[in-house]
Structure formats: structure tokens, C-alpha cells
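A short worksheet on the structure shown next.
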Amino acid sequence: MMAEDNDQRASDAKSPEMIHHKKGALFHMLEGMGAFFKAAVPPGMERVFTPARITRLVMAAASQPGSSLFDCNPQSVGRCVGQAVGLGLDPGGGTGECYLVPFRSRGQLHCQLIIGYRGVVTLARRNGKLLSLEAHAVYENDQLDVRLGTESHILHRPKLLGDRGEFVSVYCVAHLEGGGPPQHDWMSIEHVKQSVGYIKAEKGHRPEESPWRKHFAEMAKKTVILRASKLLPISPDLAEAMALEAEDHSEAGSTDEPQEAQRPNGGMVGHIQAQADKLRKLPSKSD
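Rendered as C-alpha cells:
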């Protein structure tokens, strides 16, 4: 009998009526947060990140086939959107700057903000000390010469015609303001798959929703840049994004409710919580 009840609840949660209700509830919550999003937008980006556009981007991301973003704790969705907007990154995922990804914690789905390759590059270059920063994928039929030591360098000759083979490694190169030799780093795919981000994604709620499954090469390039960033003059925005992502992963495995009240953005968090309380009172099919 209990199994039948669980099956019925699962069926109700996926019914067209309930899905429509969740979409409407998330839309109204995001609309209600418009003033907070507007205040969070970095100076000079107000025309790019209007509250209406932010809402459209998030709703489009949540409406993608196979997405379970509508099933996430609404407080966590609002928090992640606010974090993305505060960093000046497109929260919809279409540009590859960042992604809203569901993670399960103690039986409940929470939204996580995952920074993408384009987002890392965008944030890293904001300090004005990097002339260029780029990463490249290497395939087994390419030619790659990696040398370390006092005359370290990376020489990559991609195979221009024909099959390049399997994706085998990734590297990044940064040129600093003021000259000097470029900074670089290299990682094999095996090393990339040992990174915390990849491991967390594979253990997540639905790995197929993770950008690691959808955009593996881009996430691998992000990973090598983050490793190289230990030797680069990174921007405060990138440092903040890295801290947020690490913090989110920690929360996903610890508590159902992130301890938002202790953070300085308590005003927005309080509003999110109020909207979340409304969403938790979803009507059952029998109502």
C-alpha cells in the first residue's frame, strides 16, 4: 500500500497540472524578486540584465526537455540566480557562462550555480591584468609538445583535416599585462575526471543534467584554468565565484536549508524564503 501511495505521489508530481503550477509559481517568485535582481546587477550592465530578461532566461532554462529545475527548492533557485546576476553572468546557461543545476540533498532537490568556461574567462579578465586567457582541447591525432622546467612551453599542432580522434587532454595559456613569459598549465582527461567538480556532478541528482555531461570539453577547459589560477592575478569576481561554487557543493551534501540568514544579503534571502514558503504549499491533485 505504501509503495502504491509513493507511486501515486510521483505520478501526481509529474502531472501536467502540477508542472503548470510549478512553472507559474517559479515565474511569479522571480517576478517578485525583480527589485533585488536590479540592485544586484554590476554597474554598467543594467541594460543587459533587466529583471524581465533575467526571468525569461531562467524560465527558458527550466523549460528545457529533461530539466528538473522546477522541482528544486525555490529558495535555492532564487539564491543561485541572484548570485549569477551579482557576478554579471547570464543565468540561463545558453552562453556557457554559468548553469543552474539540480543537486539532491537529504531527499530534496537544491539548485546549484555552476560556473562555465566562458564565465571563468569573463571573470578572470576583469582585473585588467590579463591580456589574454584561453584554453584548448587536445585530441589523440593532434601533435602536442609539453615541456616543463626553466624553459617550459606548450606547442600544440591540431590535426586540421580528417578525424582528430579521442579527446585526451586540455591546456590553458595566459598572457599577463607588462610582458614576460606566458603562464600555462596542462591536464590529461584522467586528471580532469579526478577534479571535485566532475566527481560531484557524477554523484549528483541527475548527472545527465550537468554541464559536465552536456559540455564536457568546455568544463575541462574551465578546470585547467582554475588550476592555473593559483599562479595568476585573478579578479575578486573570480575568487568570489570559486568560493560560491565550492560552498554550494558543500551545502548540497550537508543540510536541506542553506544558512542564508547569516550572510550579508539577508534582505534578498528573506524575500526568497517568503516566496519559497508559498511554493511549499503546492496543492495536491485531490485539492
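Residue numbers (our numbering): 256 to 542.
Note that beta-carbon positions come from the ideal geometry of N, C-alpha and C, so glycine has one too.
message: Rounding to the nearest angstrom, what Cα-Cα distance links H275 and S318 in this structure?
response: 11 Å
- request: State the Cα-Cα distance for the pair P320 and M442, rounded to the nearest angstrom.
  value: 33 Å
query: Candidates T377, P297 and V428: which alpha carbon is nearest V479's?
result: V428
query: Hey, is the region 400-417 in contact with the region 353-372, meaning 3+ C-beta pairs nearer than 8 Å?
result: no
message: Give me, in chain order, the residues of the same chain whose beta-carbon lies closer than 7 Å to that of A295; leave out the 5 immediate sequence neighbours on both sides.
response: Excluding positions up to five away in sequence, the list reads G337, V340 and G341.
field: Boundaries (first-last residue) of the alpha helix (DSSP H) holding P306
entry: P306 to A317
message: Check this for me: beta carbons of L378 and A496, under 7 Å apart or not?
response: yes
query: According to the neighbour-count rule (16 or more other Cβ atoms, all chains shown, within 10 Å of its Cβ), is P271 buried or exposed?
result: Looking at its Cβ environment, which holds fewer than 16 other Cβ atoms inside 10 Å, P271 is exposed.
- prompt: Any beta-carbon of chain D closer than 7 Å to the one on T478?
  reply: Annotation note: the requested chain D is absent from the structure, which comprises a single protein chain.
query: For E562 versus G433, is the C-beta distance shorter than 7 Å?
result: No answer is possible for residue 562: the residues shown for the chain start at 256 and end at 542.
task: Any chance you could list the alpha helix (DSSP H) runs of at least 4 consecutive residues sitting entirely within the region 315-349, in chain order?
output: 329-341
message: Taking the straight line between their C-alpha atoms, what separation do you get for L386 and G417?
response: 33 Å
message: Tell me the residue span of the alpha helix (DSSP H) that contains R302.
response: Counting along the chain, R302 falls outside any alpha helix (DSSP H), and DSSP gives it neither H nor E.
- request: Report the three-state DSSP secondary structure of L410 (helix, strand or coil).
  value: strand
message: Below 8 Å, how does it come out for the region 277-288 and the region 301-312: are there three or more Cβ pairs, yes or no?
response: yes
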